[in-house]
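Counting in our numbering, the sequence shown runs from 1281 upward without gaps.
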Amino acid sequence: MTAPATLDKQAGRPPLWRDVRVLSWTFQLAVVGLVVLLVSWLWGNVQSNSDRLNIDTGFDFLDQPAGFPIPGSDFRNNQPISDAVVEGLLNTIRLAAAGLVLATLLGVLLGIARLSGNFLVRTGAKFYVEFVRNIPLLSLLYLIYLAVILTVFPRPVDSWTLEGLAVLNVRGSHVAWFDGSALALIGIVVLGMAAAWGVGRWRTTVAERTGQPARTALFALPVMALIVAAGWLIGGYTLNRPELDGNRVSGGIEMTPAYLGALLALVLYTSSHIAEIVRGSIQAVP
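Okay, structure coming up:
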């Protein structure tokens, strides 16, 4: 019985030129081969034209002097281009980190405000979300930079000051910042968040066992604040406040007009989307 069944199975198999699997693999290999040939031809064409025009290819240009400074950093025009690439990457990380925190805070507040029982708060939050999130990010960036920062912000001599916490003008903005190890402070904040999470879990367990309200925030937030405050005092951190002296501003951390414009645009735009996520998430809870 086994031999006839095997013969019947082989007899029912189509020839190779009609086998779907063979045709599929053949077609895919042919496409890959054509792509490889096309890339090889393009690469050879680029190489031959580069040799004919004496154009150097490679990454040796990264070792050449950049020839331009980067405002808001210690980068100078005599440093290599590779350092400029690294500085640009660091600026992107700084912008993303600050924007992530600020956009999340603003977005959560707006999302909760959209569910407020107050008509003015609810309508204002809805108008903000619907208006801002429909503006293209690039257009919003140019609008804030050209029409707000370079136009509305005052000259250095007339800088806006905020009780020693910030100094704003058209040349740049200085914000109060701490003196000390940033990495250690981040570790302290993370430790405080972990402790707050643990307290929250404990309160949830107590509420499930006793039936009493958990009041998670009432217990967790003071614990986090206490740990951060203790770490701040033990670590000897101090607040470096910006000071205005005529046309010059010293102290604090400096934000260039371009950085501030990009930060505001990202925060305003992203927070409108976060607000909708928060609102929808709250309403989705039964």
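Cβ coordinates follow ideal geometry from the N, Cα and C atoms, glycine included.
Residues that residue i bridges to, as DSSP identifies them
| i | result |
| --- | --- |
| S1530 | E1523 |
| P1360 | P1345 |
| G1452 | N1449 |
| T1518 | D1459 |
| W1440 | L1448 |
Continuous alpha helix (DSSP H) stretch holding residue i: start and end
| i | result |
| --- | --- |
| N1325 | V1300 to R1332 |
| F1249 | Past the edges of the chain, shown from 1281 to 1566, lies residue 1249, and the structure says nothing about it. |
| P1537 | P1537 to A1564 |
| T1485 | A1462 to T1490 |
| G1404 | F1399 to V1412 |
| Y1422 | L1417 to Y1422 |
Close beta carbons around residue i, own chain, < 7 Å, minus the five adjacent residues each side
| i | result |
| --- | --- |
| A1542 | L1375 and L1421 |
| R1360 | The identity of residue 1360 in the sequence shown is Pro, whereas the question assumes Arg. These residues qualify, in order along the chain: L1342, D1343, Q1344, P1345 and A1346. |
| L1386 | V1547 and S1551 |
| F1355 | P1349, D1363, A1364 and E1367 |
| P1351 | T1536 |
Neighbourhood of residue i by C-beta, 8 Å cutoff - its chain only, sequence neighbours within 5 removed
| i | result |
| --- | --- |
| G1516 | G1460 |
| S1330 | D1336 and T1337 |
| G1324 | none |
Range covered by the beta strand (DSSP E) that runs through residue i
| i | result |
| --- | --- |
| F1348 | Where F1348 is concerned, there is no enclosing beta strand (DSSP E), given that its DSSP letter is neither H nor E. |
| V1447 | A1446 to N1449 |
| V1432 | First-last for V1432: undefined, no H or E at that position. |
| W1457 | W1457 to D1459 |
Close beta carbons around residue i, own chain, < 6 Å, minus the five adjacent residues each side
| i | result |
| --- | --- |
| G1472 | M1504, I1507 and V1508 |
| W1440 | L1448 |
Residue i CB to nearest heavy atom of the ligand PLP below 7 Å
| i | result |
| --- | --- |
| G1324 | Here there are no bound small molecules, and the ligand PLP is not part of this structure. |
- Query: Three or more beta-carbon pairs under 8 Å between the stretch 1517 to 1528 and the stretch 1450 to 1464, yes or no?
  - Reply: Touching, yes, given that three or more Cβ pairs across the two stretches are closer than 8 Å.
- Message: Assess contact between the stretch 1521 to 1537 and the stretch 1433 to 1448, defined as three or more Cβ pairs (one per stretch) separated by less than 8 Å. Is contact present?
- Response: The way I'd put it, the stretch 1521 to 1537 does touch the stretch 1433 to 1448; three or more beta-carbon pairs between them come closer than 8 Å.
- Query: Okay, do the stretch 1391 to 1411 and the stretch 1551 to 1563 touch, 3+ Cβ pairs below 8 Å being the bar?
  - Reply: yes
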